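Enquirer: Following this message is one structure expressed as structure tokens.
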Amino acid sequence: MIRGEIPASLLDKHHRCTDLHIARVEYTATADGIALVKEELTGDFLTYEMLKEWDGKLPLIIGADGSLFLDVRALMPEDQ
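According to the working numbering, the stretch in the sequence shown is residues 7 to 86, in order.
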């Protein structure tokens, strides 16, 4: 080994620790992102997102019990 040179075994250990640290940071960031999304997924938010894309037509297919995926009647004015 040349004086001042870092032994290969120490470099390998350093690289493994760095890789583990990177994986931990990525995992934490992903978990935090998922937690933020879950906070936003309230019923009102999902209804809002669905209505942004709605063309105003009532569904042509409803469930066997007559239920709608989204009961839009509650969102419509009384006179309709």
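All residues carry an ideal CB built from backbone N, CA and C; glycine is no exception.
Quick caveat, the model's predicted, so the values are computed rather than measured.
Roughly how many angstroms separate the alpha carbons of HIS20 and ALA35, rounded to a whole number?
Expert: About 22 Å.
Enquirer: Classify GLU32 as helix, strand or coil using the three-state DSSP reduction.
Expert: In the structure shown, GLU32 sits in a helix (DSSP, three-state: H, G or I).
Enquirer: Give me the Cα-Cα distance between MET22 and GLU32, rounded to the nearest whole angstrom.
Expert: Checking the sequence shown, residue 22 turns out to be Arg, not Met. Computed Cα separation, rounded: 15 Å.
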